[in-house]
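Trainee:
There are 4 protein chains.
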Amino acid sequence: MPSASETLITGETGAQQLMGYVLDVGHPDQRARCRLEVTRDHLNRHGVLHGGISSCLLDSAAGATASLSVDATGRVPFLSVSLNINYVAPARPGPIEATGMITGGGRSLLFVAAELRDRDGTVLATSTGVYKRVPETRL
Amino acid sequence: MPSASETLITGETGAQQLMGYVLDVGHPDQRARCRLEVTRDHLNRHGVLHGGISSCLLDSAAGATASLSVDATGRVPFLSVSLNINYVAPARPGPIEATGMITGGGRSLLFVAAELRDRDGTVLATSTGVYKRVPETRL
Amino acid sequence: MPSASETLITGETGAQQLMGYVLDVGHPDQRARCRLEVTRDHLNRHGVLHGGISSCLLDSAAGATASLSVDATGRVPFLSVSLNINYVAPARPGPIEATGMITGGGRSLLFVAAELRDRDGTVLATSTGVYKRVPETRL
Amino acid sequence: MPSASETLITGETGAQQLMGYVLDVGHPDQRARCRLEVTRDHLNRHGVLHGGISSCLLDSAAGATASLSVDATGRVPFLSVSLNINYVAPARPGPIEATGMITGGGRSLLFVAAELRDRDGTVLATSTGVYKRVPETRL
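Here it is in structure tokens:
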């Protein structure tokens with residue numbers, strides 16, 4: 076069983092350090108979570124969470140969920156091919172969490188949905204996307 | 076005619092300061108540009124631009140282009156309702172620019188497309204989105 | 076309680092007669108269903124269900140589900156603003172059914188997801204869309 | 076140079092016969108066109124073109140444009156993976172035409188945009204989609 080230090084991915088990349096989100100690939104349901112404590116650093120000109128940061132969290136949770144379909148590390152690389160986001164409700168400062176869920180696909184392409192919720196469970200944004208496994212010869 | 080300090084929007088919000096992009100609303104074609112110098116701070120685990128940051132730039136350029144349909148300040152607030160992104164090619168460190176273009180709509184909803192290109196003009200990502208003018212009573 | 080003749084909408088419009096689907100707005104869960112018996116009239120050049128017909132069913136189920144949020148007739152008009160479809164698996168001749176589900180929204184705009192499944196429950200396609208209530212002054 | 080009978084595809088499939096559209100793969104710009112004479116058979120309950128039929132035309136034009144990237148027959152099979160449609164303006168009876176345009180991609184996946192216009196050139200709907208070449212072993 077992997078330890079917490081193996082299943083909580085923090086500060087791994089430049090983008091992740093910049094935004095400060097945590098990627099959790101250790102849930103037994105094989106759905107990755109991406110968490111962020113929203114602060115004023117993440118707000119747009121309307122005083123609510125910037126849509127681009129919502130999309131970062133949704134995309135990261137979905138991509139890691141795709142990885143979990145291959146093995147438990149959550150680190151097998153998948154590329155985002157296409158992503159559709161619906162901005163359901165504005166998010167304010169506080170903790171939020173995106174969760175991925177595979178809805179279909181085959182060997183090279185996966186369809187992965189994701190939901191972003193606040194601590195009360197209110198849906199803030201939803202996404203569906205197409206993810207492609209990076210061929211090993213390209214690594 | 077507005078001066079450069081009025082048409083170049085920099086560091087206006089927390090999210091913009093964090094990511095470091097510049098929003099340019101001063102083009103006579105009324106299409107806003109959103110520019111970023113991609114550094115290692117913006118890369119994902121594959122060493123290329125994080126898709127969430129691409130979507131920030133596309134969304135910001137599209138939203139400001141929606142604003143320019145109302146007046147030349149580029150600051151009339153519009154909310155992102157829905158955004159669809161296609162990740163066409165990976166982006167590497169260097170300057171990139173997203174440009175918005177209105178494709179249709181009416182009084183309250185606008186359809187805005189955007190393209191993200193590198194300095195060679197290669198298309199990195201494209202988006203189409205639905206933007207809603209924020210009712211004045213909600214400001 | 077409405078009778079079956081009120082909750083099963085058949086052949087109401089030209090498009091519906093052409094394709095032959097049935098719209099069922101009588102479920103207590105307020106999720107409209109759109110059913111079709113796929114025949115060779117609905118196939119594309121690959122011998123599977125044409126993606127455009129999948130999108131008809133998803134869009135019709137989602138639009139009628141939006142209507143059911145207003146009243147039980149399922150006939151209050153909503154327009155499709157934007158629709159995103161993921162083609163998860165090919166559909167072959169036989170009965171299929173799309174079901175809508177509201178995921179968020181407010182007074183004028185609703186976000187509605189839909190799933191298309193075959194008789195075995197296999198997901199064939201999923202969609203998310205933005206639906207707008209037609210203002211009464213426009214009727 | 077192919078003759079008109081080779082570049083105009085009519086009634087090839089059940090779905091095409093049902094809806095009555097014509098697929099034109101003979102333009103030197105390698106962008107396929109999909110044309111329909113909208114009649115009352117194609118209208119929805121609001122008296123305008125059913126969104127599902129718009130999506131058929133957009134998807135067919137985009138898929139055939141993907142085929143034209145391989146050879147001039149326009150018949151090399153591609154599957155729709157994901158399709159995003161924006162319904163820009165209502166369409167009324169009369170001739171309409173969808174045109175595809177490749178925006179990027181590689182050997183197996185292509186990004187293809189499409190626009191649906193009426194005879195006056197008014198944009199009725201736009202789409203972007205991901206298309207996948209059907210592996211020959213699957214034919």
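Chains as they are written, first to last, in this note's numbering: chain A, 76 to 214; chain B, 76 to 214; chain C, 76 to 214; chain D, 76 to 214. Idealized CB from N, CA, C, for every residue including glycine. None of the values given here were measured: they were computed from a predicted structure.
If we ignore side chains and look at the alpha-carbon of each, how far apart do Arg-108 (chain D) and Arg-194 (chain D) end up?
Mentor: By one-based count along the fourth sequence, residue 108 (chain D) stands at place 33. By one-based count along the fourth sequence, residue 194 (chain D) stands at place 119. C-alpha separation (whole angstroms): 14 Å.
Trainee: Can you find the residues in the same chain that come closer than 8 Å, C-beta to C-beta, to Gln-92 (chain C), ignoring five residues on each side of it along the sequence?
Mentor: For this step, residue 92 (chain C) is matched to residue 17 along the third sequence. Closer than 8 Å at the Cβ level, and outside the excluded window around Gln-92 (chain C), lie Gly-86.
Trainee: Please name the residue in A:Cys-131, A:Gly-126, A:Asp-104 whose C-alpha comes closest to that of Ala-137 (chain B).
Mentor: Start at 1 with the first residue of the second sequence, and residue 137 (chain B) comes out as number 62. It is A:Gly-126 whose Cα lies nearest to the Cα of Ala-137 (chain B).
Trainee: I want to know whether the region 190-207 of chain A touches the region 93-107 of chain B - three or more CB-CB distances under 8 Å.
Mentor: Verdict: no, contact absent.
Trainee: Using three-state DSSP, classify Gly-126 (chain B) as helix, strand or coil.
Mentor: Sequence index remark: in the second sequence, residue 126 (chain B) carries index 51 (1-based). It is helical.
Trainee: Would the beta-carbon of Arg-115 (chain C) be found less than 7 Å away from any heavy atom of the ligand MG?
Mentor: The ligand MG is absent from the structure shown, which contains no ligands of any kind.
Trainee: Would DSSP call Gly-89 (chain A) helix, strand or coil?
Mentor: Counting from 1 along the first sequence, the entry for residue 89 (chain A) is found at position 14. In this structure, Gly-89 (chain A) counts as helix in the three-state DSSP scheme.
Trainee: Does any residue of chain D have a CB that is nearer than 8 Å to the CB of Leu-214 (chain A)?
Mentor: Residue mapping note: residue 214 (chain A) aligns to position 139 of the first sequence, counting from 1. In this predicted model, Leu-214 (chain A) has a pLDDT of only 44, less than 50, meaning its place in the structure is not dependable; the value taken from the coordinates is given anyway. So, not an interface residue.
Trainee: Examine the Cβ distances between the region 119-134 of chain B and the region 149-157 of chain A and report whether three or more of them are shorter than 8 Å.
Mentor: The region 119-134 of chain B is in contact with the region 149-157 of chain A.
Trainee: Please list the residues of the region 201-212 of chain D that have a C-beta atom closer than 9 Å to any C-beta atom in chain B, keeping them in chain order.
Mentor: Against chain B - using a Cβ distance shorter than 9 Å - the residues of the region 201-212 of chain D are Thr-201, Ser-202, Thr-203, Gly-204, Val-205.
Trainee: Counting only the same chain and skipping the five closest in sequence on each side, list residues whose C-beta sits under 7 Å from that of Lys-207 (chain D).
Mentor: Within the fourth sequence, residue 207 (chain D) is the residue found at index 132, counting from 1. Counting only Cβ-Cβ distances below 7 Å, and skipping sequence neighbours, we find Phe-153, Leu-154, Val-156, Ser-183, Leu-184.
Trainee: What residues in its chain sit with their C-beta under 7 Å from that of Val-205 (chain D), if we drop five residues either side in the sequence?
Mentor: Residue 205 (chain D) sits at position 130 when you count from the first residue of the fourth sequence. Within the same chain, Val-205 (chain D) has close Cβ partners Val-156, Ser-157, Leu-184, Phe-186.
Trainee: Near Ala-139 (chain D), what residues of its chain come up, given a Cβ to Cβ distance below 6 Å and the 5 sequence neighbours on each side ignored?
Mentor: For the purposes of this step, residue 139 (chain D) is identified with residue 64 of the fourth sequence, where counting begins at 1. Within the same chain, Ala-139 (chain D) has close Cβ partners Leu-98, Val-100, Ala-107, Gly-149.
Trainee: What would DSSP say about Gly-204 (chain A), mapped onto helix, strand or coil?
Mentor: On the first sequence, position 129 is the one that residue 204 (chain A) refers to. In this structure, Gly-204 (chain A) counts as strand in the three-state DSSP scheme.
Trainee: Say whether chain B places a C-beta atom closer than 8 Å to the C-beta of Phe-153 (chain D).
Mentor: Position 78 of the fourth sequence, counted from the first residue, corresponds to residue 153 (chain D). Output row for Phe-153 (chain D): interface = no.
Trainee: Which residues, in order along the region 178-200 of chain B, keep a beta-carbon less than 9 Å from a beta-carbon of chain C?
Mentor: Within the region 178-200 of chain B, the qualifying residues are Ser-183, Leu-184, Phe-186.
Trainee: So, at 7 Å on beta carbons, what are the nonlocal neighbours of Arg-213 (chain C) in its own chain, with the 5 sequence-adjacent residues on each side left out?
Mentor: Along the third sequence, one-based indexing puts residue 213 (chain C) at 138. For Arg-213 (chain C), the predicted structure reports a pLDDT of 49, less than 50, and the residue's modelled location is therefore unreliable. The matter cannot be settled from this model.
Trainee: In the DSSP assignment, the beta strand (DSSP E) including Asp-146 (chain D) goes from what residue to what residue?
Mentor: Locating residue 146 (chain D) in the fourth sequence gives position 71, counting from the first residue. Note, Asp-146 (chain D): premise wrong, no beta strand (DSSP E); not H, not E.
Trainee: Taking the beta strand (DSSP E) that Asp-99 (chain A) belongs to, which residues open and close that run?
Mentor: Stepping through the first sequence from its first residue, residue 99 (chain A) is reached at position 24. First-last of the beta strand (DSSP E) with Asp-99 (chain A): 97-99.
Trainee: If we call anything under 8 Å between Cβ atoms a contact, is Ser-130 (chain A) one with Ser-130 (chain B)?
Mentor: The sequence position of residue 130 (chain A) within the first sequence is 55, counting from 1. The sequence position of residue 130 (chain B) within the second sequence is 55, counting from 1. Yes, the Cβ-Cβ distance between Ser-130 (chain A) and Ser-130 (chain B) is below 8 Å.
Trainee: So, for Ile-84 (chain C): in the same chain, excluding its five sequence neighbours on each side, which residues have a beta-carbon less than 6 Å away from its beta-carbon?
Mentor: The count along the third sequence starts at 1 and reaches residue 84 (chain C) at position 9. Cβ neighbours of Ile-84 (chain C) beyond the five flanking positions: Leu-98.
Trainee: What does the alpha-carbon distance come out to for the pair Gly-122 (chain C) and Ala-90 (chain D)?
Mentor: One-based indexing of the third sequence puts residue 122 (chain C) at position 47. One-based indexing of the fourth sequence puts residue 90 (chain D) at position 15. About 10 Å.
Trainee: If we ignore side chains and look at the alpha-carbon of each, how far apart do Gly-196 (chain A) and Ala-147 (chain B) end up?
Mentor: Along the first sequence, one-based indexing puts residue 196 (chain A) at 121. Along the second sequence, one-based indexing puts residue 147 (chain B) at 72. Each residue's Cα considered, the two are about 39 Å apart.
Trainee: Determine whether the beta carbon atoms of Val-113 (chain A) and Arg-192 (chain A) lie at a separation below 8 Å.
Mentor: Here the question's residue 113 (chain A) lines up with position 38 in the first sequence. Here the question's residue 192 (chain A) lines up with position 117 in the first sequence. No, these two residues do not count as a Cβ contact at 8 Å.
Trainee: Hey, could you find the ends of the beta strand (DSSP E) Asn-159 (chain A) is sitting in?
Mentor: To locate residue 159 (chain A), count along the first sequence from 1; it is residue 84. Looking at the DSSP string, the run of the beta strand (DSSP E) that includes Asn-159 (chain A) is 153-162.
Trainee: Answer yes or no: do Arg-110 (chain B) and Thr-88 (chain A) have a C-beta to C-beta separation smaller than 8 Å?
Mentor: Stepping through the second sequence from its first residue, residue 110 (chain B) is reached at position 35. Stepping through the first sequence from its first residue, residue 88 (chain A) is reached at position 13. Against a cut-off of 8 Å, the Cβ pair of Thr-88 (chain A) and Arg-110 (chain B) comes out as no contact.
Trainee: Using only the alpha-carbon positions, how far apart do Ile-160 (chain A) and Tyr-162 (chain B) sit?
Mentor: Counting from 1 along the first sequence, the entry for residue 160 (chain A) is found at position 85. Counting from 1 along the second sequence, the entry for residue 162 (chain B) is found at position 87. Each residue's Cα considered, the two are about 14 Å apart.
Trainee: So Leu-133 (chain B) packs on Ala-173 (chain B), CB below 8 Å; how close in whole Å?
Mentor: The residue you call residue 133 (chain B) lines up with position 58 of the second sequence. The residue you call residue 173 (chain B) lines up with position 98 of the second sequence. Their Cβ separation, rounded to whole angstroms, is 5 Å, which keeps Leu-133 (chain B) and Ala-173 (chain B) in contact under 8 Å.
Trainee: Please check if any C-beta of chain D sits within less than 8 Å of the C-beta of Ser-135 (chain C).
Mentor: By 1-based counting over the third sequence, the position of residue 135 (chain C) is 60. True, the Cβ-Cβ gap to chain D drops below 8 Å.
Trainee: Starting from the Cα of Pro-170 (chain B), find the closest Cα among B:Val-145, B:Thr-82, B:Tyr-96 and give me that residue.
Mentor: As a working note, residue 170 (chain B) is residue 95 in the second sequence. Pro-170 (chain B) has its Cα closest to that of B:Tyr-96, out of B:Val-145, B:Thr-82, B:Tyr-96.
Trainee: At a Cβ cut of 9 Å, what residues of the region 157-177 of chain A count as close to chain B, listed as they run along the chain?
Mentor: Here the close residues are Ser-157, Leu-158, Asn-159, Ile-160, Asn-161, Tyr-162, Pro-165.
Trainee: Count the other CB atoms within 10 Å of the CB of Asp-104 (chain D); is the residue buried (16 or more) or exposed (fewer)?
Mentor: Taking the fourth sequence and counting its residues from 1, one reaches residue 104 (chain D) at position 29. Its Cβ having fewer than 16 others within 10 Å, Asp-104 (chain D) is exposed.
Trainee: Whose Cβ in chain A lies nearer than 9 Å to the Cβ of Gly-259 (chain B)?
Mentor: In the structure displayed, chain B extends from 76 to 214; residue 259 (chain B) sits before or after that span and is not available.
Trainee: Spell out the partners DSSP gives Gly-176 (chain C) in its beta bridges.
Mentor: Walking along the third sequence from the start, residue 176 (chain C) turns up at place 101. Looking at the sequence shown, residue 176 (chain C) is not Gly but Met. Per DSSP, C:Ala-188.
Trainee: Sorted by chain position, which residues of the same chain lie with C-beta nearer than 7 Å to Leu-143 (chain B)'s C-beta, five sequence neighbours on each side aside?
Mentor: Along the second sequence, read from residue 1 onward, the residue named residue 143 (chain B) stands at position 68. Excluding sequence neighbours, Leu-143 (chain B) sits near Val-100, Gln-105, Ala-107, Gly-149.
Trainee: Put Gly-169 (chain A) into one of helix, strand or coil per three-state DSSP.
Mentor: Here the question's residue 169 (chain A) lines up with position 94 in the first sequence. Here Gly-169 (chain A) sits in strand by DSSP.
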